[in-house]
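Which chain is which? The protein sequence lines are A and B, in order. Start counting the first sequence at 23; every next residue gets the next number (my numbering). Start counting the second sequence at 156; every next residue gets the next number (my numbering). Even glycine gets a Cβ: it sits at the ideal position worked out from N, Cα and C. If you're wondering where the values come from, they're calculated on a predicted model, not measured in any experiment. So the structure is just underneath, and the comments pick up after that.
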Amino acid sequence: MKQVIIDPTDERVPIRRMLAARSGTVVGRVALLDIAKPRGDILIDRLAKHLQDRLPGVEIKRFRKPTFTKPAPDELRRRIAEESDFVIEALAD
Amino acid sequence: MPLIEAAHKSFGESVAVWAIGQDAEGNAKLVERHGLTVPMLDDSALKVSFAYGLDTVPTIILADSRGAEIRRFVGFGRDDWREMFAELARLSGVESPSIDWRSYPESRPGCGSKSVEPGIAERLEAEARGDKLTARRIELGDSEDVFEFMFERGLTDGLPVVPPTPERVMWMLTGTRRDPRDVVATVPPNLAPVTVEKVAVNAVMAGCKPEYLPVVIAALEAVCTDEFNIHGVMATTWGATPVIVVSGPIRNRLAMNMGMMALGYGTRSNATIGRAVKLVMRNVGGARPGEIERSTLGSIGKFTTCFAEWEERSPWEPLHVERGFKKEESVVTVFGLEAGSRQIADQTSRTARALVGSLGLGLEACWHPKQHGSGEILLVISPEHADTIARDKWSKAQVRARIQEVTSRPISELLPDDDSGEGISLKALGMTNPTKEQLAQKIPKFRRPENINIIVAGGDAGKFSAVFAGWVSGPMGSSSVSRRIEEAI
Chain A
23 MKQVIIDPTD
33 ERVPIRRMLA
43 ARSGTVVGRV
53 ALLDIAKPRG
63 DILIDRLAKH
73 LQDRLPGVEI
83 KRFRKPTFTK
93 PAPDELRRRI
103 AEESDFVIEA
113 LAD
Chain B
156 MPLIEAAHKS
166 FGESVAVWAI
176 GQDAEGNAKL
186 VERHGLTVPM
196 LDDSALKVSF
206 AYGLDTVPTI
216 ILADSRGAEI
226 RRFVGFGRDD
236 WREMFAELAR
246 LSGVESPSID
256 WRSYPESRPG
266 CGSKSVEPGI
276 AERLEAEARG
286 DKLTARRIEL
296 GDSEDVFEFM
306 FERGLTDGLP
316 VVPPTPERVM
326 WMLTGTRRDP
336 RDVVATVPPN
346 LAPVTVEKVA
356 VNAVMAGCKP
366 EYLPVVIAAL
376 EAVCTDEFNI
386 HGVMATTWGA
396 TPVIVVSGPI
406 RNRLAMNMGM
416 MALGYGTRSN
426 ATIGRAVKLV
436 MRNVGGARPG
446 EIERSTLGSI
456 GKFTTCFAEW
466 EERSPWEPLH
476 VERGFKKEES
486 VVTVFGLEAG
496 SRQIADQTSR
506 TARALVGSLG
516 LGLEACWHPK
526 QHGSGEILLV
536 ISPEHADTIA
546 RDKWSKAQVR
556 ARIQEVTSRP
566 ISELLPDDDS
576 GEGISLKALG
586 MTNPTKEQLA
596 QKIPKFRRPE
606 NINIIVAGGD
616 AGKFSAVFAG
626 WVSGPMGSSS
636 VSRRIEEAI
């Protein structure tokens with residue numbers, strides 16, 4: 023006898039996104055996102071300094087999530103996407 | 156049967172007489188034994204019995220030519236049946252057959268209809284509600300083992316689940332009045348809408364009974380609020396989980412455990428309600444261990460953490476009443492806390508002051524002893540401890556105040572140092588070069604006394620209480636949420 027069960031999942035098929043093409047160079051605007059974990063700012067500060075030293079041409083923009091416990095608000099994500107070419111997210115602790 | 160056969164033979168020309176039996180094999184035996192010519196119809200699927208609302212067999216229904224019921228005779232009553240024959244004679248214009256009514260007993264009450272037997276009645280009710288299931292059906296191959304299939308597809312929490320067959324899901328849906336297509340909540344992290352039907356599917360898998368479903372639905376509504384922030388509770392590297400507390404009359408109706416082993420295992424409702432909530436998180440929301448659920452260590456409490464408050468044994472008003480609900484309402488409260496309780500022993504204190512002071516010291520270890528100004532916890536006070544506190548007539552407010560008092564420590568003792576690198580940072584306190592006086596300021600363990608949630612549960616014997624320690628609490632993390640449970644009764 024054929025067994026039938028009801029699908030317990032949300033039945034959605036995730037969209038497969040390709041990674042953006044790697045140009046091999048970092049130019050333009052780089053976003054540094056502090057997720058608001060303790061000492062995240064220390065990590066971001068160091069990273070910003072290293073990037074600035076190695077790549078003086080890039081423009082570094084700093085962003086911060088209101089809390090690390092929740093996903094970044096839509097408005098923040100939109101701003102990061104609009105204002106940056108690269109994003110580095112710091113987890114820290 | 157001979158009387159029904161007689162009715163068919165006498166009135167069959169103008170009145171259609173049908174015998175309907177609930178057992179195909181039994182029908183065949185009756186036909187053979189009595190040499191029946193009356194059409195014997197098979198209702199082993201019990202659809203006709205259910206549709207006509209039978210609770211007793213035999214039941215005779217007299218209907219007009221459009222099928223509208225004129226009269227029904229339940230069980231066997233000699234005078235009733237005699238009257239029925241007279242009625243049939245009148246309706247058909249055919250003389251009633253000669254029957255020796257004195258040879259029949261005065262009455263026989265009949266037997267219960269199969270359609271009202273436990274388990275069958277609920278299935279028939281669910282079927283009669285129609286094929287409302289809209290979720291995808293998965294057909295397994297003949298040689299596939301359904302339990303292995305569900306493991307392989309990643310649909311379980313690591314333990315076997317009850318296969319959610321359409322029949323079981325429809326049975327589960329009898330536990331709610333809500334439409335199966337109603338959206339209960341949007342479940343993080345995938346922000347997927349979960350319908351009542353999908354909740355029912357996962358509740359079947361968890362091992363729930365239909366009457367548990369309203370609690371699962373209310374708990375899901377509560378955890379999927381912005382205040383509760385289930386995304387963070389699941390995703391944190393700390394081992395947090397929704398700790399589910401059930402309050403009000405439903406606790407007793409579902410035979411929930413609030414006594415011995417209340418925070419442990421062995422009770423179906425406690426175990427499966429919490430498990431169903433977690434399975435929805437996994438299967439609908441997409442929070443799977445190693446993916447978005449990222450606890451460093453985890454805890455066994457992540458399978459399920461659900462129990463009830465022993466309101467009748469508590470000297471205080473129940474949790475839900477404290478939160479503004481009526482005592483007669485059933486309510487579920489969810490807390491984003493550590494997935495597992497820790498016990499605090501005190502077998503010798505004999506006053507409320509000594510005991511609560513002692514419990515307070517036990518609470519120091521929540522998160523870390525040097526972390527003060529913490530958020531919500533859930534303190535589960537055992538009956539024996541509650542009795543000691545009640546003897547001195549202490550209110551919950553007094554208990555909270557005493558805990559804050561005994562846990563207050565000078566800032567100097569809470570700063571990270573060479574002996575313990577964890578602690579409160581001066582930066583978090585807004586201090587750079589603190590004075591001696593500033594460092595002498597005391598900070599209690601909890602940000603606010605109300606952060607100490609208190610309920611009573613546990614076995615009658617044992618001077619042990621327990622605490623579920625917190626996670627990031629408040630608007631920046633998770634706040635406890637209560638929801639009224641809408642029962643189908």
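Asked: Nearest candidate by alpha-carbon position, reference Ser106/A, set Arg51/A, Met40/A and Thr31/A; Found: Arg51/A
Asked: Ranges of the alpha helix (DSSP H) found wholly within the stretch 279 to 312 of chain B, counting only runs of at least 4; Found: 301 to 307
Asked: Same chain, Cβ closer than 6 angstroms to Lys457/B, five either side skipped, listed in chain order; Found: Thr396 and Ala494
Asked: Where Arg430/B falls, given that 16 or more other Cβ within 10 Å makes a residue buried; Found: buried
Asked: Glu322/B versus Glu352/B, Ser450/B and Ser550/B, residue with shortest Cα-Cα distance; Found: Glu352/B
Asked: Option nearest Arg227/B by Cα separation, candidates Leu201/B, Glu531/B and Met239/B; Found: Met239/B
Asked: Neighbouring residues, chain B, relative to Glu97/A (Cβ below 7 angstroms); Found: Per Cβ cutoff of 7 angstroms: no residues; Glu97/A is ~15 angstroms from chain B at best.
Asked: Distance between beta carbons of Ser563/B and Pro599/B, contact taken as under 8 angstroms; Found: 5 angstroms
Asked: Under 9 angstroms between C-beta atoms of Ala541/B and Pro470/B; Found: yes
Asked: Status (buried if at least 16 other CB within 10 Å, exposed otherwise) for Leu346/B; Found: exposed
Asked: Residue from Gly528/B, Val535/B, Ser550/B and Val476/B whose Cα sits closest to the Cα of Arg508/B; Found: Ser550/B
Asked: Contact set for Ala218/B: own chain, Cβ-Cβ below 8 angstroms, skip 5 residues either direction; Found: Glu224 and Ile225
Asked: Residues of the stretch 382 to 393 of chain B with Cβ closer than 9 angstroms to any Cβ of chain A, in chain order; Found: Asn384, His386, Gly387, Val388, Ala390, Thr391 and Thr392
Asked: Selection of the stretch 70 to 101 of chain A by Cβ proximity to chain B, strictly under 9 angstroms; Found: Pro88, Thr89, Phe90, Thr91, Lys92 and Pro93
Asked: Expected contact under 8 angstroms - CB spacing of Gly230/B and Arg257/B to nearest Å; Found: With a Cβ gap of about 19 angstroms, Gly230/B and Arg257/B do not count as contacting.
Asked: Assigned exposure category for Arg68/A - 16 Cβ within 10 Å defines buried; Found: exposed
Asked: Nonlocal neighbours in the same chain, by C-beta distance under 7 angstroms from Ser496/B, ignoring five residues either side; Found: Leu418, Val535, Ala621, Val622 and Phe623
Asked: As assigned by DSSP and simplified to three states, the class of Gln74/A; Found: helix
Asked: Same chain only: Cβ atoms within 6 angstroms of Pro194/B, ignoring 5 sequence neighbours per side; Found: Trp173
Asked: Supposed close pair Leu288/B, Ile28/A - CB separation, criterion 8 angstroms; Found: 6 angstroms
Asked: Selection from Gly181/B, Ser169/B, Ala290/B and Gly578/B that minimises the alpha carbon distance to Arg34/A; Found: Ala290/B
Asked: Same chain, Cβ closer than 7 angstroms to Gly617/B, neighbours up to 5 away in sequence not counted; Found: Ser537 and Glu539
Asked: Helix, strand or coil at Pro589/B [DSSP, three-state]; Found: coil
Asked: Neighbour flag for Met436/B against chain A, beta carbons, 9 angstroms; Found: no
Asked: Meets three-Cβ-pair contact criterion under 8 angstroms: the stretch 384 to 391 of chain B and the stretch 425 to 445 of chain B; Found: yes
Asked: Limits of the beta strand (DSSP E) - the one that Val622/B falls within; Found: Phe619 to Phe623
Asked: Min CB distance Ile372/B to chain A below 9 angstroms; Found: no
Asked: Start-to-end residues for the beta strand (DSSP E) that takes in Met195/B; Found: Met195 to Asp197
Asked: Test: Thr47/A CB closer than 9 angstroms to a CB of chain B; Found: no
Asked: Beta strand (DSSP E) runs wholly inside the stretch 351 to 429 of chain B, at least 3 long, in chain order; Found: 395 to 402
Asked: Within 9 angstroms, strictly: CB atoms of Gly403/B and Ser485/B; Found: yes
Asked: Straight-line gap, Gly176/B to Asp198/B (C-alpha atoms, nearest Å); Found: 6 angstroms
Asked: In DSSP terms, what Arg233/B is bridged to; Found: Partner(s): none; Arg233/B has no beta bridge.
Asked: Contact set for Arg237/B: own chain, Cβ-Cβ below 6 angstroms, skip 5 residues either direction; Found: Trp256
Asked: Interface flag, Asp297/B vs chain A, CB-CB below 9 angstroms; Found: yes
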